[in-house]
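As they're listed, the protein sequences go chains B and E.
Residues 1 to 235 (our numbering) are what the first sequence spells out, left to right.
Residues 236 to 586 (our numbering) are what the second sequence spells out, left to right.
C-beta atoms are modelled at their ideal positions from N, C-alpha and C, and glycine is treated no differently.
Only a predicted model underlies this, so the values are computations on that prediction, with no experimental measurement involved.
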Amino acid sequence: MPTTLENWNPGKAEDRHPEATYEEKERLFLEVKSDLRYEDFLYGCYECGICVSACPSARFYDFSPRVIAQAMAREDVERIYDILTEDIWNCAQCFSCVRCPRQNNPGGLVTILREVSIKNGLQESKDALQGYSRVIYKVMLKGNQVSPDMLQPDFFPDWGPWVKNFSENMHVWRKAIPMDTIRGITDVAWRVERKTLLELYTIWFESGNMDIIKELDEGLYDLLADVMQEELEEG
Amino acid sequence: MTSNKILVIGGGPAGLEAARSVAELGGDVVLIEKRARLGGTPDRENYAKLTHHWRDASEAMGELAASVTNNPNVEVKYQAEVKGLSGSAGSFTVQIETGGAAESLEVGAVIVATGFQHFDPGRATQYYNYYSFPDVITLTDLEKMLKEHKVVRPSNGEAPEKVAFIQCVGSRDRQIGNEYCSKVCCGIASKQAIEIKEQLPGAKVFIFYIDMRMYGYWENEIYWPAQEKYKVNYVKGVVSEVLPKNGKLLMRGEDTTMSRPMEVTMDLIVLSVGMEPSAGTRSIAQLLDIRQNKYGFVEAGGESGLDPVATSRPGIFVAGAASGPADLDDSISRAGLAAARAVALVRKELA
Chain B
1 MPTTLENWNP GKAEDRHPEA TYEEKERLFL EVKSDLRYED FLYGCYECGI
51 CVSACPSARF YDFSPRVIAQ AMAREDVERI YDILTEDIWN CAQCFSCVRC
101 PRQNNPGGLV TILREVSIKN GLQESKDALQ GYSRVIYKVM LKGNQVSPDM
151 LQPDFFPDWG PWVKNFSENM HVWRKAIPMD TIRGITDVAW RVERKTLLEL
201 YTIWFESGNM DIIKELDEGL YDLLADVMQE ELEEG
Chain E
236 MTSNKILVIG GGPAGLEAAR SVAELGGDVV LIEKRARLGG TPDRENYAKL
286 THHWRDASEA MGELAASVTN NPNVEVKYQA EVKGLSGSAG SFTVQIETGG
336 AAESLEVGAV IVATGFQHFD PGRATQYYNY YSFPDVITLT DLEKMLKEHK
386 VVRPSNGEAP EKVAFIQCVG SRDRQIGNEY CSKVCCGIAS KQAIEIKEQL
436 PGAKVFIFYI DMRMYGYWEN EIYWPAQEKY KVNYVKGVVS EVLPKNGKLL
486 MRGEDTTMSR PMEVTMDLIV LSVGMEPSAG TRSIAQLLDI RQNKYGFVEA
536 GGESGLDPVA TSRPGIFVAG AASGPADLDD SISRAGLAAA RAVALVRKEL
586 A
């Protein structure tokens, strides 16, 4: 049923998320606020709307970088919990919003919120990232971008109607590209130097990324950690 | 040697008022002006009407200039510039170049009234495309059109049906470095919106703003009449992008009170450009060795913070928009105060 003035009844945030207590929501907010980047990402907002105007997601979803900045500035714990469990997964992380004349970074706030959501094992983060395990596997293990044959096309409707066809015959398309550097390479987009890969693995562990993956998907973590640790030990 | 002469630098509203006030207090004034004419920015930028009694700007500036040029206590030097200054309060020696001829002048005090310049919209962080699309203009471009009673789209010479003002261009912006409010643009845009409706009653006029700031009685004299009598639409939300579309201009912004993205086409877009220190203000501050604030304006306020015409150097005073964005009321009031302070200082030194 479409939302109209007659049937519009958003209710209260605590009713939509009865599982979390106020104390729990506040704890999550304080974790976001204590992030080192927070002060550089949020100065204050005078509601000019430039971030929304520049935001591609705001054109297609019920998503507003301005509301995120304002909710954070007002320390509106209930609203922030709503944002933490819903809005942040509608952001494309393109950072068009950094055109903010106050030099806020709403996209950066979303980055922090996402990290907190994953670190705390919120179900919404698992749902939102469900389709990405193969992407994460490829990017983190191969240090490489993904192509349609590497992921489940059903999870990526924004890749367009042809993606299924491409993904089924990707090795043919690859061979059709008349460039020496790409000819013959069919499992990745390009070859990454071993030294670079080992450095990447070190970064994933040192920066806490592997902890985030472990929280998100333990099976995926085991797969990645096994290979990475073995490679790192070999040096 | 102590001199009773007072040097006023700049022949705009503040400089003219300072010179007139010093003369009326019985002091001797030398007023130097870089251009060949008096009247300052309102004259150079073809201001149409003032918010004061809706007066014709050139007429009002003409009266102010005449009160100076007709006063025997004031000597006006045109096409003149300060080249150097030495000495201290009560006895300064100033090097002046007038039409290429150098001379030296003994003065007791100096009043700096070198003013501001309008923000160059080419430096804006948002994509307004001032230098690409002829139908994107500034407050000053529109002021000239209003003065000539010829408000048209520069691209085709036709009268616009829909006009939008975009506020805070070059002001209140950390990215550009101008964090301050330019104070007058809200009132000027509203005034111009009314003038457009007077000249083109069929036009639809919009003002896209962050906050409307109405000094003095602008609230009831301009802002409310613009809404109530002239049906100007005020939309809270600023535009991030102007693009061409079917011979018109497409604006992208957010209607923040309605919380929805907005895309509308306009015939004419007016950028409400703010104030920056003029080139003259920047160079004279260095030359006179007076402190500038982080934006390049002359730092004023004195140690008490309550002396709006004091600079960091005793005997040198500042008036008008040289010390920061100011409307005519501010400029002229401070000019009077600077004149009083300068005359008092010189008399004390002579006594």
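Next on the checklist: Can you pull out the residues from the segment 44–65 of chain B whose beta carbon lies closer than 9 Å to at least one beta carbon of chain E?
Outcome noted: Contact annotation: in the segment 44–65 of chain B, residues whose CB is within less than 9 Å of a CB in chain E are Tyr46, Glu47, Cys48, Gly49, Ile50, Cys51, Val52, Ser53, Ala54, Cys55, Ala58, Arg59 and Ser64.
Next on the checklist: Tell me which residue opens and which closes the alpha helix (DSSP H) that glycine 555 (chain E) is part of.
Outcome noted: Looking at the DSSP string, glycine 555 (chain E) is not in any alpha helix (DSSP H), and its letter there is neither H nor E.
Item to check | Three-state class that DSSP yields for leucine 340 (chain E) in the structure shown | outcome: Leucine 340 (chain E): strand per DSSP, three-state reduction.
Checklist entry - Buried or exposed: where does histidine 384 (chain E) fall if 16 or more other Cβ atoms within 10 Å of its Cβ makes it buried? => result By the 10 Å Cβ count, histidine 384 (chain E) comes out exposed.
Item to check | The alpha helix (DSSP H) enclosing valine 67 (chain B), as first and last residue numbers | outcome: Valine 67 (chain B) -> alpha helix (DSSP H) spans 65–74.
Checklist entry - Which residues in the same chain as leucine 251 (chain E) place their Cβ atom closer than 7 Å to its Cβ, once the five residues preceding and following it in sequence are excluded? => result Taken in chain order, the residues that qualify are Leu273, Leu299, Ala300 and Val303.
Next on the checklist: For the alpha helix (DSSP H) containing aspartate 226 (chain B), name the first residue and the last one.
Outcome noted: Bounds of the alpha helix (DSSP H) holding aspartate 226 (chain B) are 218–234.
Next on the checklist: Taking a contact to mean a Cβ-Cβ separation below 8 Å, would you say tyrosine 38 (chain B) touches valine 77 (chain B) in this structure?
Outcome noted: Contact flag unset, no.
Item to check | Start-end ranges of the alpha helix (DSSP H) lying completely within the segment 504–583 of chain E, minimum 4 residues | outcome: Counting only runs of 4 or more, we get 514–523.
Checklist entry - What did DSSP end up calling isoleucine 241 (chain E) once you bin it into helix, strand or coil? => result Correct three-state label for isoleucine 241 (chain E): strand.
Checklist entry - Would a check of beta-carbon distances place proline 101 (chain B) closer than 8 Å to chain E? => result Residue contact check for proline 101 (chain B) against chain E: a CB pair falls below 8 Å.
Checklist entry - If you draw a straight line from the alpha carbon of glycine 451 (chain E) to that of alanine 570 (chain E), how long is it in whole angstroms? => result Those two C-alpha atoms are separated by around 18 Å.
Item to check | Distance, arginine 194 (chain B) Cα to asparagine 144 (chain B) Cα | outcome: Distance between the alpha carbons of asparagine 144 (chain B) and arginine 194 (chain B): 12 Å.
Item to check | Cβ separation of lysine 397 (chain E) and lysine 466 (chain E), assumed to be a contact under 8 Å, to the nearest whole Å | outcome: Not quite, the Cβ-Cβ distance comes to about 13 Å (not below 8 Å), so this is no contact.
Item to check | Spatial neighbours of glutamate 47 (chain B) in its chain, beta-carbon cut-off 8 Å, leaving aside the 5 residues before and after | outcome: These residues qualify, in order along the chain: Arg66 and Gln70.
Checklist entry - Rounded to the nearest angstrom, how far is the Cβ of threonine 333 (chain E) from that of glutamine 314 (chain E), given a contact under 8 Å? => result Contact flag correct, Cβ pair sits at about 7 Å.
Item to check | Assumed close pair glycine 555 (chain E), glycine 350 (chain E) - CB separation to whole angstroms, cut-off 8 Å | outcome: Between glycine 350 (chain E) and glycine 555 (chain E) the Cβ distance is about 6 Å, and since that is below 8 Å, they are a contact.
Item to check | Close beta carbons around glutamate 476 (chain E), own chain, < 6 Å, minus the five adjacent residues each side | outcome: Tyr362 and Arg487, listed in sequence order.
Checklist entry - Do you know offhand how far leucine 223 (chain B)'s Cα is from asparagine 481 (chain E)'s? => result Rounded to whole angstroms, leucine 223 (chain B) to asparagine 481 (chain E) spans 55 Å at the Cα level.
Checklist entry - Considering only residues of the segment 300–333 of chain E, which uninterrupted beta strand (DSSP E) runs meet the minimum length of 3 residues and lie entirely inside it, listed in chain order? => result Secondary structure in the segment 300–333 of chain E: the beta strand (DSSP E) runs of 3 residues or longer, each lying completely within the stretch, are 309–312, 315–323 and 326–333 in chain order.
Checklist entry - Going by C-alpha distance, which of E:Arg407, E:Val419, E:Ala557 and E:Val265 is nearest glycine 343 (chain E)? => result When only C-alpha atoms are compared, the closest one is E:Val265.
Next on the checklist: Assess contact between the segment 26–43 of chain B and the segment 104–121 of chain B, defined as three or more Cβ pairs (one per stretch) separated by less than 8 Å. Is contact present?
Outcome noted: Verdict: yes, contact present.
Checklist entry - What is the DSSP secondary structure of glutamate 26 (chain B), reduced to helix, strand or coil? => result In the structure shown, glutamate 26 (chain B) sits in a helix (DSSP, three-state: H, G or I).
Next on the checklist: I need the DSSP call for tryptophan 83 (chain B), collapsed to helix, strand or coil.
Outcome noted: It should be noted that the sequence gives isoleucine, not tryptophan, for residue 83 (chain B). Helix.
Checklist entry - Interface residues of chain B around valine 471 (chain E) at Cβ under 9 Å? => result Looking at the sequence provided, one finds lysine at residue 471 (chain E) rather than valine. Below the 9 Å Cβ cutoff, chain B contributes Glu47, Cys48 and Gly49 as neighbours of lysine 471 (chain E), in chain order.
Checklist entry - How about aspartate 291 (chain E): is its C-beta nearer than 8 Å to some C-beta of chain B? => result Answer no: the Cβ-Cβ gap between aspartate 291 (chain E) and chain B never drops below 8 Å.
Next on the checklist: Along the segment 389–411 of chain E, where does the CB come closer than 7 Å to a CB of chain B? Name the residues.
Outcome noted: Residues of the segment 389–411 of chain E whose Cβ lies closer than 7 Å to any Cβ of chain B, in chain order: Arg407, Asp408, Arg409 and Gln410.
Next on the checklist: By DSSP's criteria, aspartate 278 (chain E) is part of a beta bridge. Which residues make up the other side?
Outcome noted: Paired residues: none, contrary to the question.
Next on the checklist: Does the CB of proline 496 (chain E) have a neighbour CB from chain B at under 8 Å?
Outcome noted: Interface residue, yes.
Next on the checklist: Check whether the segment 346–360 of chain E and the segment 504–511 of chain E are in contact - that is, three or more C-beta pairs closer than 8 Å.
Outcome noted: Contact between the segment 346–360 of chain E and the segment 504–511 of chain E is present, because at least three Cβ pairs lie under 8 Å.
Checklist entry - Ordered along the chain, which non-local residues of its own chain (more than five positions away) have a Cβ less than 8 Å from that of asparagine 308 (chain E)? => result Answer for asparagine 308 (chain E): Val257, Ala258, Gly261, Gly262, Asp263 and Val264, listed in chain order.
Checklist entry - For chain B, is any of its Cβ atoms less than 8 Å away from the one on serine 568 (chain E)? => result Not an interface residue.
Checklist entry - Closer than 8 Å, CB to CB, is valine 467 (chain E) near chain B or not? => result Valine 467 (chain E) does not count as touching chain B.
Checklist entry - DSSP beta-bridge partners for glutamate 378 (chain E)? => result In the DSSP output, where bridge partners are listed per residue, glutamate 378 (chain E) has none listed.
Checklist entry - Is it the case that the Cβ atoms of leucine 563 (chain E) and histidine 287 (chain E) are separated by a distance below 8 Å? => result One thing to note: leucine 563 (chain E) has its Cβ within 8 Å of the Cβ of histidine 287 (chain E).
Checklist entry - Would valine 116 (chain B) be called buried (16 or more neighbouring beta carbons within 10 Å of its own) or exposed? => result With 16 or more other Cβ atoms from the protein chains shown falling within 10 Å of its own Cβ, valine 116 (chain B) counts as buried.
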